[in-house]
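Here the structure is laid out as structure tokens; the discussion comes afterwards.
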Amino acid sequence: MSCIVAIFMTTQFSACVKAQNHKSAESKTASNVETKKQDDNTNRVTYDLAFVEAHGPVHTIQYLDGDIYVFDKSGNIVTFNGYDPFTADVYGQPEKLLNKFNRDSEGRICKVVGAMFDTDYTWEGKRIVKYVRGIESGLRTREYHYGAKGLIEYATNTTEYETYEDDDPTEVTRVKEVYEYKKFDNYGNWTERTVKGVTTHREITYYK
732 MSCIVAIFMT
742 TQFSACVKAQ
752 NHKSAESKTA
762 SNVETKKQDD
772 NTNRVTYDLA
782 FVEAHGPVHT
792 IQYLDGDIYV
802 FDKSGNIVTF
812 NGYDPFTADV
822 YGQPEKLLNK
832 FNRDSEGRIC
842 KVVGAMFDTD
852 YTWEGKRIVK
862 YVRGIESGLR
872 TREYHYGAKG
882 LIEYATNTTE
892 YETYEDDDPT
902 EVTRVKEVYE
912 YKKFDNYGNW
922 TERTVKGVTT
932 HREITYYK
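In this note's numbering, the protein residues as written are 732 to 939.
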């Protein structure tokens, strides 16, 4: 009888160990899945987030010089300075100096139409590598050069002005601008950087 009891107890113990191991494996799997989701969310880059050089579950980005972007949970811009930039009537309210964002076939912001000037953007993957902007009596082209960490190291600015002189109708200037990043937040997004001695600050909030 004692042998039967011993066998029964051993079988029960073995079953309990197997059940605990199974639960532990399930718990680890669930934990790994949740960790992966969090990592994916932290490192997420959409075209709209790339447009402002950011990643992660961004809710708002406010540049301390005034511009404010608001994103939905999918990482898409929903408002810019309080209005929908994808449906804005640029010329209907000239006193507000609105901008209208246009997307290309890939969903990237390829052109910003403004009351003062237009800007065309060139992308490579999820990076803006160049923009061309019409300015008074000329054209400005900025080409971005990225480093190993995915941050802009420097930009090359080329400005062409019409001089209306017969011997030299166009004046061209080229300037290299080095980007220095001073501060980052917990998600690795920059919050302070300096270009040509001018420092830009921005505050970023995130979805939980």
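Even glycine gets a Cβ: it sits at the ideal position worked out from N, Cα and C. This structure is a prediction, so every number in the text was calculated from the model and none was measured.
Secondary structure of residue 915 (DSSP, three-state): strand. Here residue 850 is actually not in contact with residue 860; their C-beta atoms are around 14 Å apart, not less than 8 Å. If you look at residue 886, you'll find it in the beta strand (DSSP E) that goes 883-893.
In the DSSP assignment, residue 780 falls within the unbroken alpha helix (DSSP H) covering 778-782. Secondary structure of residue 807 (DSSP, three-state): coil. Among the bridge pairs identified by DSSP, residue 858 is matched with 855. Secondary structure of residue 772 (DSSP, three-state): helix. The beta-carbon separation of residue 933 and residue 794, rounded to 5 Å, stays under the 8 Å limit for a contact. Three or more Cβ pairs drawn from the segment 911-924 and the segment 782-791 lie within less than 8 Å of each other, which places the two stretches in contact.
Judged by DSSP secondary structure, residue 800 falls within the beta strand (DSSP E) whose first and last residues are 799-802. When the five nearest sequence neighbours on each side are left out, the beta carbons in the same chain lying within less than 6 Å of the beta carbon of residue 892 are those of 868, 869 and 902, in order along the chain. Going by DSSP, residue 837 is part of no beta strand (DSSP E) at all; its letter is neither H nor E. Its chain contains 858, 883 and 884 as the residues whose beta carbon lies nearer than 7 Å to that of residue 877, once the 5 sequence neighbours on both sides are disregarded; these appear in chain order. Residue 845 holds the alpha-carbon nearest to the alpha-carbon of residue 866 among 845, 910, 806 and 828. The beta carbons of residue 907 and residue 889 sit about 10 Å from each other, so the pair does not count as a contact at 8 Å.
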